[in-house]
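Notes for the one structure printed next.
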Ligand SMILES: Nc1ncnc2c1ncn2[C@@H]1O[C@H](COP(=O)(O)OP(=O)(O)O)[C@@H](O)[C@H]1O
Ligand SMILES: [Mg+2]
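Here is the structure:
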């Protein structure tokens, strides 16, 4: 089990007009899963992913990643923890505009002080596996939205994280790019056993997941594993 | 990555560097004009008339009385000209008189000079706007353009001088106007009357006497050395040796006052500059908040991010400051050779305060470098703003924008 949440509650604006975004979410994710968090807009998908990823703090409850409680980790330690264990793909604008595709993918490894040879080799492999070996030196503004998201997936994979969190990664993509991105994610999941947790409210994306967790009003309404 | 950011985001880099460049240029130009204005004024009075130092009989400067005149002996000339820094010594007999034409009169500073020596130091002949220069011992006067105007005198007209001479004798005589000279200093212009030394001594009944010796010194910075060495060689009980700063304490005071006023002006200037640069930094920070959020999310430590951004600002600061110095060179030298010239009411006001209404810029690279450093330091301090912003940055919130 790589992710375990215990009774996560999130209340935004506790002092003004409180919003109960999550109401006691208990969840376990095993290694190698390909899981979709689904639910209508405002159901708490982003909030849940942010808390699992250590980007936001739960009001109550705990998050354990590989058995380690990240809920009360000091900021600096948490940043390091994210760097080494969690890959992120956001809805859009994932990439650093001034860096090329190659530099973006290698960035986290640079932060980890990996050698140039190691970085170059891995970056090239990763860009190949997302089908962008010909865009190595392009900057984000020269790539399509779908290509940018593929670079983001490659970047998330670079430090060999325990799992990848992707919050509505296809929300801004057309159906061809959506399928393309999901093909890549599914292949990485199968071939490299990389764990993916992604949120979506797009039925075509939901159909590709092997486990579907449905949130309604900040609670898990259903949790189905497809055979 | 700092370098990448600067290099690849051309628009932002240009805006920021340009704001720093203009800050340096503007501050440099202002300081150059202000210092140049003062230099011009000091030059007008000091090197074109007064000299960088003077020797009088003790107590003369205090009283300004012709009764404190002393004998002009060859031995004294030798002693005075002995220090290496002293180029020559100019004898003068100075006193005040009433100058008059047929039906107008005005106060005048009558100065007896050795025409040849005087011309060597002050280039007096070049100041002629009409007529010709004085010859030794001829009975004639050279008058300031302001005097000529006030008394409605032209070349060859007769100037009447009336005064009290040495030890109270009556002094009155007539002198033909031989030339009209124009000075930058409005004060000198409207009061000066030159006579050959002998004629002045004659007029004041002070045969063989002078009131002051004006010293030509090789360089402004050597004045102190020259006066030091003269003090050791002359009898300081009999003579007083004064440098231009002691001769013109009013001017120095006015300059100090002006500098004080300038602190306020500079303060305002740096506020404006600071806001300009801060504006660009603020814009940059705002524009990149999302990016900062992504960077912390994927594992960049705040400290590294802060350092990167700060280095970026510093690099821009250096580039902008150097560009500012480079831009100042042609601009300031333009204003050195094409001084700003005031006219009309403001010019009249400046003249009243003894300023020639022109401001040639002082070209001194030290000014540009100092301004560049000030602006750079200001920039690096303002560059701490993103630091503060990053310190309390929450990735989730930064990325919601
Ligand atoms: N920063 C915030 N401040 C206040 N309310 C928020 C904030 N973020 C999200 N919410 C609220 O929390 C609820 C869950 O939001 P979110 O997690 O973004 O849902 P989803 O991603 O499923 O659309 C919504 O009602 C939303 O308005
Ligand atoms: Mg969302």
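Residue numbers (my numbering), protein chains in the order written: chain F, 1 to 227; chain A, 228 to 628.
For each residue, glycine too, the CB sits at the ideal point set by N, CA and C.
Every value quoted in this text rests on a predicted model; they were computed, and no experiment measured them.
Quick check: the Cα distance between residue i and residue j, rounded to an integer number of angstroms?
i, j, result
"residue 617 of chain A", "residue 533 of chain A", "7 Å"
"residue 144 of chain F", "residue 61 of chain F", "40 Å"
"residue 328 of chain A", "residue 446 of chain A", "40 Å"
"residue 418 of chain A", "residue 487 of chain A", "31 Å"
"residue 253 of chain A", "residue 610 of chain A", "21 Å"
"residue 106 of chain F", "residue 119 of chain F", "6 Å"
"residue 13 of chain F", "residue 21 of chain F", "10 Å"
"residue 614 of chain A", "residue 542 of chain A", "16 Å"
"residue 259 of chain A", "residue 590 of chain A", "6 Å"
"residue 623 of chain A", "residue 90 of chain F", "11 Å"
"residue 458 of chain A", "residue 242 of chain A", "58 Å"
"residue 382 of chain A", "residue 569 of chain A", "30 Å"
"residue 556 of chain A", "residue 373 of chain A", "37 Å"
"residue 606 of chain A", "residue 239 of chain A", "15 Å"
"residue 225 of chain F", "residue 545 of chain A", "60 Å"
"residue 497 of chain A", "residue 244 of chain A", "16 Å"
"residue 114 of chain F", "residue 192 of chain F", "21 Å"
Any beta-carbon of chain A closer than 8 Å to the one on residue i?
i, result
"residue 93 of chain F", "yes"
"residue 23 of chain F", "no"
"residue 2 of chain F", "no"
"residue 55 of chain F", "yes"
"residue 66 of chain F", "no"
"residue 82 of chain F", "yes"
"residue 111 of chain F", "yes"
"residue 96 of chain F", "yes"
"residue 8 of chain F", "no"
"residue 123 of chain F", "no"
"residue 79 of chain F", "yes"
"residue 20 of chain F", "no"
"residue 63 of chain F", "no"
"residue 50 of chain F", "yes"
"residue 108 of chain F", "yes"
"residue 76 of chain F", "yes"
"residue 90 of chain F", "yes"
What's the call for residue i, buried or exposed, on a 16-neighbour Cβ count within 10 Å?
i, result
"residue 102 of chain F", "buried"
"residue 397 of chain A", "exposed"
"residue 163 of chain F", "buried"
"residue 552 of chain A", "buried"
"residue 483 of chain A", "exposed"
"residue 137 of chain F", "exposed"
"residue 495 of chain A", "exposed"
"residue 342 of chain A", "buried"
"residue 77 of chain F", "exposed"
"residue 133 of chain F", "exposed"
"residue 262 of chain A", "buried"
"residue 390 of chain A", "buried"
"residue 275 of chain A", "buried"
"residue 510 of chain A", "exposed"
"residue 109 of chain F", "buried"
"residue 426 of chain A", "buried"
"residue 187 of chain F", "exposed"
"residue 465 of chain A", "exposed"
"residue 560 of chain A", "exposed"
"residue 502 of chain A", "exposed"
"residue 255 of chain A", "buried"
Determine, using beta carbons only, whether residue i comes closer than 8 Å to chain F.
i, result
"residue 626 of chain A", "yes"
"residue 526 of chain A", "yes"
"residue 523 of chain A", "yes"
"residue 623 of chain A", "yes"
"residue 518 of chain A", "yes"
"residue 489 of chain A", "no"
"residue 236 of chain A", "yes"
Checking the sheet assignment: what are the DSSP bridge partners for residue i?
i, result
"residue 28 of chain F", "F:4"
"residue 219 of chain F", "F:216"
"residue 568 of chain A", "A:585"
"residue 321 of chain A", "A:338"
"residue 210 of chain A", "An answer regarding residue 210 of chain A cannot be provided, because it is not within the stretch 228 to 628 covered by chain A."
"residue 195 of chain F", "F:163"
Residues of chain B with CB closer than 7 Å to the CB of residue i, please, in chain order.
i, result
"residue 105 of chain F", "Included in the structure are the protein chains F and A, with no chain B among them."
If we require 3 or more residues per run, which beta strand (DSSP E) segments fall completely within the stretch 92-143 of chain F? Runs of the beta strand (DSSP E) spanning 3 or more residues and lying entirely within the stretch 92-143 of chain F do not occur at all.
Output the residue ranges of the beta strand (DSSP E) runs that lie fully inside the stretch 148-180 of chain F and measure 3 residues or longer, sorted by chain position. 163-167
At which residue ranges does the stretch 346-376 of chain A contain complete alpha helix (DSSP H) runs of 4 or more residues, listed in the order of the chain? none
Which runs of the beta strand (DSSP E) at least 3 residues long sit entirely within the stretch 230-293 of chain A? Give them in chain order. 280-284
Contiguous beta strand (DSSP E) assignments of at least 3 residues, all confined to the stretch 383-445 of chain A: Within the stretch 383-445 of chain A, the complete beta strand (DSSP E) segments at least 3 residues long are 385-391, 397-408, 419-423, 439-444, listed from N- to C-terminus.
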